[in-house]
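Remember, our numbering sits 235 above the position in the sequence shown when you count from 1.
C-beta atoms are modelled at their ideal positions from N, C-alpha and C, and glycine is treated no differently.
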Amino acid sequence: YKVLEANAKLNKEKTNIIPLNFAATAEDGEFTFGSGDPSYGNGGIVGFTHNEKRNVRYTFQVTGKNLEKFILTNYSEFLPRLTFIKIDTEGYDKEIIKTMPAIINKYRPYLVAECFGPALKKEKLELFDLLVEMKYRLYKIDDFNFISNLDRENAAPKGTYNILAIPIEQSLKA
Numbered sequence: 236y237k238v239l240e241a242n243a244k245l246n247k248e249k250t251n252i253i254p255l256n257f258a259a260t261a262e263d264g265e266f267t268f269g270s271g272d273p274s275y276g277n278g279g280i281v282g283f284t285h286n287e288k289r290n291v292r293y294t295f296q297v298t299g300k301n302l303e304k305f306i307l308t309n310y311s312e313f314l315p316r317l318t319f320i321k322i323d324t325e326g327y328d329k330e331i332i333k334t335m336p337a338i339i340n341k342y343r344p345y346l347v348a349e350c351f352g353p354a355l356k357k358e359k360l361e362l363f364d365l366l367v368e369m370k371y372r373l374y375k376i377d378d379f380n381f382i383s384n385l386d387r388e389n390a391a392p393k394g395t396y397n398i399l400a401i402p403i404e405q406s407l408k409a
């Protein structure tokens, strides 16, 4: 969190990044964050991710908050300008998206979500299906410089990639 907080201060005149020191969860509460790495990389909320057994070597307690409720309560004045949401949570992306339906459906931001390599095929397809149900067109992004159409048949390859989700009522601008 301290690194994110420091980075957010670097370009205050160009960005509006507000670091928040809590986990995005469906319900408010206390949760166990687990990782197989002492630096806590590639970890997640224990019990919610595909790699629950792998990510319990290093654990600590975190506060979780429903992100949509928190944003509507504390930052609703920013929502009319919301155009982009980036999520990269090592396989937990779809769970975060599921907690923000009112914001996503009303403001229709572009979304970038990570399709995490170690996730199960079923979980990758759940992310794909969720975004399609929310009426988004999906594109695969490789290294943020190559975009290709994404359909259900190629939505669950091995390896990690990012999904660009554009509301179907908008067009992809070059």
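- Using a 10 angstroms sphere on the CB of D364, the tally of other CB atoms stays under 16, which defines it as exposed.
- Between A400 and L373, the C-beta spacing is below 8 Å.
- In its chain, beyond the 5 residues on either side, K356, K359 and L360 have a beta carbon closer than 6 Å to the beta carbon of A391.
- If you draw a straight line from the Cα of K300 to the Cα of Y327, it comes to about 14 Å.
- K341 counts as exposed, since fewer than 16 other C-beta atoms from the protein chains shown sit within 10 angstroms of its C-beta.
- Residue G352 holds the alpha-carbon nearest to the alpha-carbon of G394 among G352, K249, A337 and T308.
- As the crow flies, the alpha-carbon of L366 is around 12 Å from that of E330.
- For F319, the closest alpha carbon among the candidates S270, R343, L302 and T308 is that of R343.
- By alpha-carbon distance to I398, the top candidate from T334, G269, Y293 and D378 is D378.
- Between the beta-carbon of T294 and that of F266 there is about 10 Å, and that puts the pair past the 8 Å contact cut.
- Distance between E312 and E248, taken at the CA atoms: about 19 Å.
- Cβ-Cβ separation between L302 and A259: approximately 4 Å, consistent with a contact (criterion under 8 Å).
- The DSSP assignment places 356–368 as complete runs of the alpha helix (DSSP H) inside the segment 350–381, in order along the chain (cut-off: 4 residues).
- Going by DSSP, V238 is part of no beta strand (DSSP E) but of the alpha helix (DSSP H) stretching over K237 to A243.
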